[in-house]
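Heads up: the sequence shown is residues 2 to 206, going by the numbering used here.
Built from N, CA and C at the ideal position, the CB exists for glycine as well.
Have a look at the structure below before the remarks.
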Amino acid sequence: MTAAGGCGPPNACARKSTSAATRRLGGPPGCTVRLATTAPTSFNLQNWRFIAVRTPEAKARLRKLAWDQAKVTDAAVTFIVVGQLADHRVLPERLAPAVAAGFMPAAMVPGWEGAAKSLYHGQPQRQRDEAVRTATFGAGTLIHAAQAMGLGTAPMIGFDAPAVAEAFGLAGDELPVLLLAVGHAAPENWPRKPRRPLAQVLSLV
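This is the structure:
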């Protein structure tokens, strides 16, 4: 069985942003984040972090920094999706499980670390771009993981990034890339707004 247009299972095309959500989640936030961390990252840096803002006090604090958007407090949890500046020095630790599992030769690790160093070291714009890219991959995967679990999501970029970083203890090499509210969708949500025709966004060469 495929979705409209014959492009995969029905649930694959069912995702939409949820402007109104309930405080009911139905499971620990770790379930969705575990799936989110299956997203790809450059060199397997895994340079992301997810802050699950759950308590009424913490959500109220975040809402003040997010242009008073009600979905921050209405949702069961609002994630601060954090990207970390790309740093080649973490690679031995991040690759150690692959070495321990036996499918990555230990002798390969220095080569990966050297390649990452040549790409990112002394390149602040590339480091920042990779932080944003990684966090976006993670957030996108989290969105579809939540959809598969019957949850709605609402990504937000309207917030005071420096203030969020300070209020929630982000390190100097971390960026709050976006907020993502997650919860069961409330009945008053609109259907998903129509997307542009495929012919306008896909080029075959």
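Less than 9 Å between the beta carbons of residue i and residue j, yes or no?
i: valine 82; j: glycine 139; result: yes
i: alanine 117; j: leucine 46; result: yes
i: threonine 142; j: leucine 36; result: yes
Could you work out which residue in the options is closest to residue i when comparing CA atoms only?
i: leucine 152; options: Tyr121, Ala77, Arg35 and Ile52; result: Ala77
i: aspartate 161; options: Val54, Leu36 and Asp69; result: Asp69
i: glutamine 85; options: Ala166, Pro57 and Ala107; result: Ala166
i: threonine 154; options: Gly112, Arg95 and Ala187; result: Ala187
i: proline 57; options: Val73, Arg50 and Trp49; result: Val73
i: histidine 185; options: Phe169, Pro163 and Ala149; result: Ala149
i: valine 34; options: Ala200, Val110, Leu181 and Ala132; result: Leu181
i: phenylalanine 51; options: Val202, Ala132, Arg197 and Ser204; result: Ala132
By DSSP, does residue i sit in helix, in strand, or in coil?
i: tryptophan 113; result: helix
i: threonine 154; result: strand
i: glutamine 70; result: coil
i: proline 195; result: coil
i: threonine 79; result: strand
Which residues does DSSP pair with residue i in a beta bridge?
i: glycine 84; result: Trp49 and Leu176
Below 8 Å, how does it come out for the region 164-180 and the region 189-206: are there three or more Cβ pairs, yes or no?
With fewer than three CB-CB distances shorter than 8 Å, the region 164-180 does not count as touching the region 189-206.
The region 83-95 in contact with the region 111-128 per 3-pair CB rule at 8 Å
The region 83-95 is in contact with the region 111-128.
Between the region 32-42 and the region 58-69, can you find at least three pairs of beta-carbon atoms closer than 8 Å?
Counting Cβ pairs under 8 Å, fewer than three are found: no touch.
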